[in-house]
Amino acid sequence: MGSTGMIYTATMVFSLIVLIYSSPTVGYDYFQFTLQYQPAVCNSNGTPCKDPPDKLFTVHGLWPSNFLGPDPEYCKNKTLDSRKIANLTAQLNIIWPNVYDRTDNIGFWSRQWEKHGICGSPAIKNDIHYFETVIKMYITEKQNVSEILLKAKIKPEGKKWTRKRIVDAIRNGTDSKRPKLKCQKNTRMTELVEVTLCRDYDLTHFIDCPNLIEPGSPYFCPKRSIQY
């Protein structure tokens, strides 16, 4: 191959790489099902929550994610027609509220679908299936972290727990797979803010969560004295 051909080939390869990594549809490897503990979320927010938080873990989102590289976002320019999920809103209001402002629940769900859910094809078929899947995971498949912790006698009483105790309790409810924890330090205490459960590409099995929050991050959970 002459020098002109080599340059042309290199240019085409480079252009293909740029196209792949700049495209919003880059695929995914697994799903993160992230639940947030309402009081800790409100405590970590600069602006107070508009409604008193419940002592519950409720859904933050179901996000297609990658082991390496950026996670897919905004894969298609489509908005949610809230009329299509009207028969699901009663359940969604309970398990997936906008903790900061419950009058904006529909807006919150719309943003989650448009940013994350729409990227979950083929496991996620469409917008209705996305919300039905979340309801199924939280209620039918009992991926409610509040209930999982309660079975291990870990109650939301403001006590301090070790990271191992929390992780072991969650493993018992997720086929012994490792969750991802997110904490937030407020004044003198470190609160458990979020727990992420990870599922495979098809949403059929739990997997060990990759990409755990590392020491040095403000969201890292220490070995001891995690308040919940």
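Note that my numbering numbers the sequence shown so that position 29 is 50, with each residue one more than the last.
C-beta: ideal position from N, C-alpha, C; glycine also.
Because the structure is a prediction, the values reported are computed rather than measured.
Range of the contiguous beta strand (DSSP E) that encloses residue i
i	result
Val80	Phe78 to Ser86
Gln164	Run containing Gln164: none; DSSP gives neither H nor E here.
Close Cβ partners of residue i (< 7 Å) along its chain, the five nearest in sequence each way excluded
i	result
Cys70	Cys63, Val120 and Tyr121
Met158	Phe54 and Gln164
Met210	Gln248
Asp221	Tyr51 and Ile228
Ser44	Here the model assigns Ser44 a pLDDT of 45, short of 50, so the residue's position is not dependable, and the following value carries that caveat. For Ser44, where only same-chain residues beyond five positions count, there are no Cβ hits under 7 Å.
Leu233	Lys201
Val80	Leu56, Ile116, Trp117, Val155 and Tyr159
Tyr42	At Tyr42, the pLDDT of 41 sits below 50, so the modelled position is not reliable; the number obtained from the coordinates is stated separately. The answer is none, since no qualifying residue turns up.
Beta-carbon gap between residue i and residue j smaller than 9 Å
i	j	result
Cys242	Cys230	no
Ile156	Ile127	no
Val216	Pro200	yes
Asp148	Ile139	yes
His137	Glu94	yes
Arg104	Asp72	no
Lys174	Glu135	no
Pro144	Asp223	Looking at the sequence itself, residue 144 is Ala, so the reference to Pro does not match. Yes.
Pro60	Lys76	yes
Pro239	Gln205	yes
Phe88	Leu113	no
Arg186	Leu202	no
Leu83	Thr154	yes
Gly141	Pro85	yes
Lys181	Arg245	yes
His226	Asp189	no
Bounding residues of the alpha helix (DSSP H) (the contiguous stretch that carries residue i)
i	result
Asn207	No alpha helix (DSSP H) contains Asn207, which is instead part of the beta strand (DSSP E) from Lys201 to Asn207.
Leu113	Thr110 to Ile116
Val216	Taken as a continuous stretch (DSSP letters only), Val216 belongs to no alpha helix (DSSP H), being part of the beta strand (DSSP E) at Met210 to Arg220.
Tyr151	Asp148 to Ile156
Phe129	Asn126 to Lys136
Ala61	Gln59 to Asn64
Cβ-based neighbour list, residue i, same chain, cut-off 6 Å, excluding 5 preceding and 5 following
i	result
Ser131	Leu101
Phe78	Leu56, Tyr58, Val166 and Ser167
Asn66	none
Gly194	Ile169
Ile191	Ile169 and Pro200
Gln133	Gly82
Lys176	none
Cross-strand partners of residue i (DSSP beta bridge)
i	result
Trp182	Ile247
Ile175	According to DSSP, which records beta bridges pairwise, Ile175 is partnered with nothing at all.
Pro228	The question names Pro, but residue 228 is Ile in the sequence shown. For Ile228, which the question treats as bridged, DSSP gives the partners Cys219.
Leu56	Val80 and Val216
Tyr51	Ser86
Contacting residues, own chain, Cβ-Cβ under 8 Å from residue i (five flanking each side not counted)
i	result
Thr46	Confidence is the limiting factor: at Thr46 the pLDDT is only 47, short of 50, which leaves the residue's position unreliable and the question unanswerable from this model.
Tyr49	Pro85, Ser86, Asn87, Asp92, Pro93, Cys140, Gly141 and Tyr222
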